[in-house]
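Enquirer: Could you have a look at this structure, given as structure tokens, before my questions?
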Amino acid sequence: MTIHQHATRPAARSAPNRFAAIALTMATAYTALRLWWQVSTQPSELSPVGTDLVLTSGWGTVGLCAAAAMLAGVLVVRPVSGVPAHAVRITAAAVGLAMVTAGAMLLLDVVGGVLPGLGIEFYPLGALSRTVCVGSGLALLLAVRSDLLAARPTCRTCRRLWAMTGAIDHMPRWAYAAAYVSVAGCVLRIGAQAAVGFDRSPLSAGASALLFDLGFVLAGSLLPLAQVHQFGRIWPQWVPGLRGRRVPRPLVLWPGIAVSGSMTVYFGFMQIQMIIERLSGRNPFPPSDGMGDLPEAFFWVAIPGYLIWAAALAMASLAHHRHTKRRCATCAL
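Residue numbers (this note's numbering): 575 to 907.
Structure follows, in structure tokens:
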């Protein structure tokens, strides 16, 4: 649905782009750190593979961070409209995505930090480096969105940018399909482990492993289904003290976004790396890489399972976002 002209306005060009300012501050500080590490000595033991980032290293990392800082600086002062502005936004979005992907191992930091007994070694300095890298990339992506809001006519009331994220009155069929496909992706991942044996998992046993397994199953079953079914919006009758009340929107939506986003970045990069390694005639997971003696076929089933799980969960979360948001009284989005 289009936004009526009388209900729209371009945002003030003088309004500060706060996300660009955040990205500029973080990226500048991170560039200085990466430059210092490059000209002196980068600390060792930043991750299980030694380096703290993927996709880039050395002077390439310095250049990527410097590009993020420069683009954030341009967005702070608001580029002019037209082709130059589009080029800046596209480039900034690409750099932001690259920085988020470079910090893909942050997912391991979160799991290893929350469950220290799981057997995933935690590297504090590497985790901090990856957090700043991913944070800078996300801030740059949000700065691009903010710049688009400032440049395009938007609704006076809600200032929504895309009609595809507008409110919907009922849960569409594709959302239900996405939720169950997400569950199927989780089942595929579990099936791959069952085929090789649950005793061959690289994770340690104990209380942390039990908590991880519980969270794993809930994130692959309850979380996707809660995005589309009523129990994700209204507490069911069997929940004492809460039955019939509205479920807080962030309680379902935010974990869906976090799980789908982090898994897409981490396992997406891993899948691409696997394909490159195999096309080069190498085993992507040789026995010496810490994955034990798991056969290569296991990974060619498990990693796509993760990606199916994550991508379908993202679609279901989008549907939940649209179905639980308030419709704008001005533009009806």
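Glycine included, each C-beta is placed from N, C-alpha and C at the ideal position.
Mind checking alanine 857: buried by the 16 CB within 10 Å criterion, or exposed?
Expert: The sequence given here places asparagine at residue 857; alanine does not occur at that position. Burial call: exposed.
Enquirer: Assign leucine 892 to one of two classes, buried (16 or more other C-beta atoms within 10 Å of its C-beta) or exposed (fewer than that).
Expert: That one is buried.
Enquirer: Which partner residues of arginine 900 appear in the DSSP bridge assignment?
Expert: Arginine 900 is not bridged to any residue.
Enquirer: Kindly indicate which three-state DSSP category arginine 820 falls into: helix, strand or coil?
Expert: Note: arginine 820 maps to strand in three-state DSSP.
Enquirer: Quick one: Cα of glycine 741 to Cα of glycine 632, how far?
Expert: Reading off the sequence, residue 741 comes out as alanine, not glycine. Straight-line Cα distance between these residues: approximately 45 Å.
Enquirer: With DSSP collapsed to three states, give me the class of isoleucine 908.
Expert: Residue 908 lies beyond the stretch modelled for the chain, which goes from 575 to 907, so this question has no answer here.
Enquirer: I need the boundaries of the alpha helix (DSSP H) containing aspartate 787, first residue and last residue.
Expert: From DSSP, the alpha helix (DSSP H) with aspartate 787 extends over 781-794.
Enquirer: How is glutamine 579 classed by DSSP in three states: helix, strand or coil?
Expert: Because glutamine 579 carries a pLDDT of 41, less than 50, the predicted location of this residue cannot be relied on, and the following value inherits that uncertainty. Helix.
Enquirer: Which class does isoleucine 877 belong to by DSSP, given the choice of helix, strand or coil?
Expert: If DSSP states are grouped into helix, strand and coil, isoleucine 877 belongs with the helices.
Enquirer: Please report the distance separating the alpha-carbon of tryptophan 828 from that of proline 798.
Expert: Looking at the two C-alpha atoms, the distance is approximately 12 Å.
Enquirer: Would you kindly work out how many angstroms separate the C-alpha atoms of alanine 769 and glycine 794, rounded to a whole number?
Expert: C-alpha separation (whole angstroms): 19 Å.
Enquirer: Would you kindly report the start and end of the unbroken alpha helix (DSSP H) that includes serine 854?
Expert: From DSSP, serine 854 is part of no alpha helix (DSSP H); its letter is neither H nor E.
Enquirer: Drop a sphere of 10 angstroms on the beta-carbon of threonine 615, count the other beta-carbons inside from all chains shown, and report buried for 16 or more, exposed for fewer.
Expert: The residue is exposed, with fewer than 16 neighbouring Cβ atoms inside 10 Å.
Enquirer: My output table needs one value for isoleucine 596: the three-state DSSP class, helix, strand or coil.
Expert: Helix.
Enquirer: For the structure I just gave you, are there three or more beta carbon pairs, one from the stretch 642-649 and one from the stretch 588-606, closer than 8 Å?
Expert: Flag = yes, the stretch 642-649 and the stretch 588-606 touch.
Enquirer: Output needed for alanine 876: all residues of its chain with C-beta closer than 6 Å, excluding positions within five of it in sequence on either side, in chain order.
Expert: Excluding positions up to five away in sequence, the list reads Arg763, Ala766.
Enquirer: For arginine 587, count the other beta carbons within 10 Å of its own beta carbon; 16 or more makes it buried, fewer makes it exposed. Which is it?
Expert: Confidence is the limiting factor: at arginine 587 the pLDDT is only 48, short of 50, which leaves the residue's position unreliable, though a coordinate-based value still follows. It counts as exposed.
Enquirer: So what's isoleucine 764 in DSSP terms, helix, strand or just coil?
Expert: Three-state DSSP puts isoleucine 764 in a helix.
Enquirer: Leaving out the 5 sequence neighbours to the left and right, which residues in its chain are closer than 8 Å to cysteine 732 when beta-carbon positions are compared?
Expert: Within the same chain, cysteine 732 has close Cβ partners Cys902, Thr904, Cys905, Leu907.
Enquirer: Quick one: measure Cβ to Cβ for leucine 689 and leucine 785, integer angstroms, because I've assumed they're closer than 8 Å.
Expert: About 6 Å; that satisfies the 8 Å criterion.
Enquirer: By the three-class DSSP mapping on this structure, what secondary structure does isoleucine 831 have?
Expert: Isoleucine 831 falls in the helix class under three-state DSSP.
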